[in-house]
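Per this note's numbering, the sequence shown starts with residue 17, numbered consecutively. Beta carbons are placed, not taken as given, at the ideal position from N, Cα and C, and that holds for glycine.
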Amino acid sequence: MKNKGTALKRVGIVGLGLMGQGIAACLLAHGDEVVAFDVDASKHAATIKHAAAALRELEKQKLLGADMAKSWKNRLHAAASMSDLASCWLVIECVKEDLALKREIFAQLDAVMPKKTIIASNTSSLPISLLQEGRVAPGRYIGMHWGEPAQIMRYLEIIPGEKTSNATVKACLAFGVACGKEPAVLKHDIRGFLSNRLMYAMIREACYLVESGVADVETVDQSFRNDIGWWALLAGPFRWMDLTGIPAYAAVMEGLLPELTTSTEVPMTMQRMVKRKALGIANQKGFYKYTKASAEQWEKDWGQFTYDMRKLAERYTPKV
Ligand SMILES: NC(=O)c1ccc[n+]([C@@H]2O[C@H](COP(=O)([O-])OP(=O)(O)OC[C@H]3O[C@@H](n4cnc5c(N)ncnc54)[C@H](O)[C@@H]3O)[C@@H](O)[C@H]2O)c1
Numbered sequence: 017m018k019n020k021g022t023a024l025k026r027v028g029i030v031g032l033g034l035m036g037q038g039i040a041a042c043l044l045a046h047g048d049e050v051v052a053f054d055v056d057a058s059k060h061a062a063t064i065k066h067a068a069a070a071l072r073e074l075e076k077q078k079l080l081g082a083d084m085a086k087s088w089k090n091r092l093h094a095a096a097s098m099s100d101l102a103s104c105w106l107v108i109e110c111v112k113e114d115l116a117l118k119r120e121i122f123a124q125l126d127a128v129m130p131k132k133t134i135i136a137s138n139t140s141s142l143p144i145s146l147l148q149e150g151r152v153a154p155g156r157y158i159g160m161h162w163g164e165p166a167q168i169m170r171y172l173e174i175i176p177g178e179k180t181s182n183a184t185v186k187a188c189l190a191f192g193v194a195c196g197k198e199p200a201v202l203k204h205d206i207r208g209f210l211s212n213r214l215m216y217a218m219i220r221e222a223c224y225l226v227e228s229g230v231a232d233v234e235t236v237d238q239s240f241r242n243d244i245g246w247w248a249l250l251a252g253p254f255r256w257m258d259l260t261g262i263p264a265y266a267a268v269m270e271g272l273l274p275e276l277t278t279s280t281e282v283p284m285t286m287q288r289m290v291k292r293k294a295l296g297i298a299n300q301k302g303f304y305k306y307t308k309a310s311a312e313q314w315e316k317d318w319g320q321f322t323y324d325m326r327k328l329a330e331r332y333t334p335k336v
């Protein structure tokens with residue numbers, strides 16, 4: 017992960033929670049200047065702490081040049097208000113998934129940013145065309161969906177809304193590549209974009225299989241890991257069919273598709289978890305039992321696994 021010699025550019029981030037901090041770390045690792053804003057002033061110190069740990073680890077994994085490791089602190093600036101973002105060519109909005117809040121942020125940005133500034137939303141699911149409604153210069157609004165940990169993953173989805181200009185899409189694509197991503201650009205807007213639509217279709221079926229008593233959670237996970245998990249980094253669904261023979265899939269679809277769940281309700285399995293206030297490893301309450309130590313171990317393993325996957329991806333999938 018080396019800086020590709022792009023000129024220093026200022027990128028604004030609004031919202032310094034999990035995603036904003038990760039995106040900041042990624043940009044700092046690639047030589048950008050970051051101007052970071054959050055209503056909660058304590059989030060700036062948290063962003064520095066997060067970036068320090070993330071960049072230290074990138075360096076340890078030999079994914080960070082010594083120049084980036086030295087210079088990042090001077091390239092991270094705290095913004096006291098939205099107006100401090102006015103010198104940025106791009107602002108990435110990372111506040112929580114709440115349409116009204118995001119609209120409020122965009123109205124504030126419309127008031128203080130030059131019309132040429134690109135404004136990207138890291139929304140996980142909200143249609144970009146909806147976010148563009150009522151905006152000043154809506155052609156500069158776009159979806160930029162990052163993955164976590166943002167400084168390691170190659171994932172980035174770029175989603176044009178109905179009014180997004182081609183120039184905005186082109187600039188964001190080039191930016192994504194310069195950040196070490198393999199950006200997936202959608203032709204048009206759709207709720208949930210690509211990866212979330214695929215993932216939620218899979219999770220819905222996983223819940224159905226558990227709820228209908230076919231297998232327990234562990235067994236569904238085991239089967240998923242050892243089959244789909246085995247090839248999914250190398251091949252997407254279409255490459256996988258090419259590799260293994262297309263007609264068999266068409267034949268299976270004929271009998272199987274009518275039997276897959278098409279429920280539009282949030283599955284009971286999920287509702288029960290929400291009622292129990294189960295956050296997963298974050299509060300050691302989830303589909304599995306955790307102790308504090310085992311939750312920490314899962315977090316640690318996930319971190320190292322992501323680096324290992326990145327190395328595999330670099331070996332087998334298109335170079336970025
Ligand atoms: N969590 C994920 O794995 C993930 C992955 C991809 C995309 N996303 C999307 O990214 C966005 C952010 O998610 P997150 O998990 O980082 O949320 P988060 O709750 O961790 O962080 C949101 C941050 O926004 C700040 N904020 C709230 N109101 C603000 C305002 N008016 N001005 C400035 N800052 C404000 C909060 O103080 C908080 O620090 C959401 O749209 C989410 O759907 C999340």
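Specify whether the region 50–59 and the region 125–137 touch according to this definition: at least 3 beta carbon pairs, one from each stretch, less than 8 Å apart. Using a C-beta cut-off of 8 Å, the region 50–59 makes no contact with the region 125–137, since fewer than three inter-stretch Cβ pairs fall below that distance.
So residue 162 is in the beta strand (DSSP E); what residue range does that whole segment cover? Judged by DSSP secondary structure, residue 162 falls within the beta strand (DSSP E) whose first and last residues are 157–162.
Could you tell me the distance, in whole angstroms, from the CA atom of residue 267 to the CA atom of residue 116? Their backbone Cα atoms lie some 46 Å apart in a straight line.
For residue 18, which residues of its own chain have a beta-carbon under 6 Å away from its beta-carbon, when the five flanking residues on both sides are left out? Model confidence at residue 18 stands at a pLDDT of 40, short of 50, so the residue's coordinates are unreliable; what they give is reported in the following sentence. These residues qualify, in order along the chain: 81.
Which ranges does the alpha helix (DSSP H) cover as unbroken runs of at least 4 residues, wholly within the region 25–107, from first to last along the chain? Segments of the alpha helix (DSSP H) lying fully in the region 25–107: 34–45, 58–76, 82–87.
Using DSSP bridges, identify the partner residues of residue 135. For residue 135, the pairing in a beta bridge is given by DSSP as 107, 157.
Is residue 23 buried or exposed, if buried means 16 or more other CB atoms sit within 10 Å of its CB? The pLDDT assigned to residue 23 is 41, lower than 50, so where the model puts this residue is not dependable, and the model offers no usable value.
Per DSSP, the bridge partner or partners of residue 200: Beta-bridge pairing links residue 200 to 173.
Taking 7 Å as the line, does the beta carbon of residue 162 fall inside it for any heavy atom of ligand 1? Checking every heavy atom of ligand 1 against the Cβ of residue 162, one is found closer than 7 Å.
For residue 274, which of 260, 251, 221, 65 has the nearest alpha-carbon? Comparing Cα-Cα distances from residue 274 to each of 260, 251, 221, 65, the minimum goes to 221.
Pick from 233, 330, 62 that is closest to residue 305, judged by C-alpha positions: For residue 305, the closest of 233, 330, 62 by C-alpha to C-alpha distance is 233.
Exposed unless 16 or more other CB atoms sit within 10 angstroms - verdict on residue 260: Exposed.
Just checking residue 297 against ligand 1 - is the residue's beta carbon closer than 7 Å to any of the ligand's heavy atoms? No, ligand 1 has no heavy atom inside 7 Å of this Cβ.
Can you say whether residue 178 is buried or exposed, counting buried as having 16 or more other CB atoms within 10 angstroms of its CB? With fewer than 16 Cβ atoms within 10 Å of its Cβ, residue 178 is classed as exposed.
Helix, strand or coil for residue 296? Go by DSSP, reduced to three states. Of the three classes helix, strand and coil, the one that applies to residue 296 here is strand, per DSSP.
Evaluate the contact criterion for the region 130–141 versus the region 149–168: three or more CB pairs, one atom per stretch, below 8 Å. Short answer: they touch.
Can you tell me which of the three DSSP states residue 17 falls into? In this prediction, residue 17 scores a pLDDT of 41, lower than 50, which makes its location untrustworthy; the coordinate-derived value is nonetheless stated afterwards. In this structure, DSSP gives residue 17 a state outside helix and strand, which the three-state scheme calls coil.
Can you tell which of 202, 212, 175, 170 has the C-alpha that lies nearest to the C-alpha of residue 249? Nearest C-alpha to residue 249: 170.
Can you give me the Cβ contacts of residue 85 inside the same chain, cut-off strictly under 7 Å, excluding the 5 residues immediately before and after it? If the five residues before and after residue 85 are omitted, its C-beta is found closer than 7 Å to the C-beta atoms of 71, 75, all from its own chain and listed in chain order.
Which same chain residues end up closer than 8 Å to residue 6 when comparing Cβ atoms and leaving out the 5 residues on each side of it in sequence? The requested residue 6 does not occur in the structure, where the chain is confined to residues 17 to 336.
To which residues of the same chain is residue 239 closer than 7 Å at the C-beta, ignoring the five residues directly before and after it? Short of 7 Å from the beta carbon of residue 239, and not among the five residues preceding or following it, lies no beta carbon of its own chain.
Rounded to the nearest angstrom, how far is the Cβ of residue 217 from that of residue 225, given a contact under 8 Å? About 13 Å separates the beta carbons of residue 217 and residue 225, which is beyond the 8 Å limit, so they are not a contact pair.
What are the partner residues of residue 301, as DSSP defines its beta bridges? Paired residue(s): 296, 305.
Would you kindly check if the distance between the Cβ of residue 168 and the Cβ of residue 333 is under 8 Å? Cβ atoms of residue 333 and residue 168: not closer than 8 Å.
Ligand 1 heavy atoms versus the CB of residue 65: any closer than 7 Å? False, no ligand heavy atom lies under 7 Å from that Cβ.
Cut-off 6 Å between Cβ atoms - residues of its own chain near residue 314, not counting five sequence neighbours on either side: So the qualifying residues of the chain are 297.
Between residue 139 and ligand 1, is the CB less than 7 Å from at least one heavy atom? For ligand 1, at least one heavy atom lies less than 7 Å from the Cβ of residue 139.
Note the first and the last residue of the continuous alpha helix (DSSP H) segment covering residue 240. 233–242 is the span of the alpha helix (DSSP H), which, as asked, contains residue 240.
Under the criterion of a Cβ to heavy atom distance below 7 Å, does residue 215 qualify as lining ligand 1? Flag unset: Cβ of residue 215 not near ligand 1.
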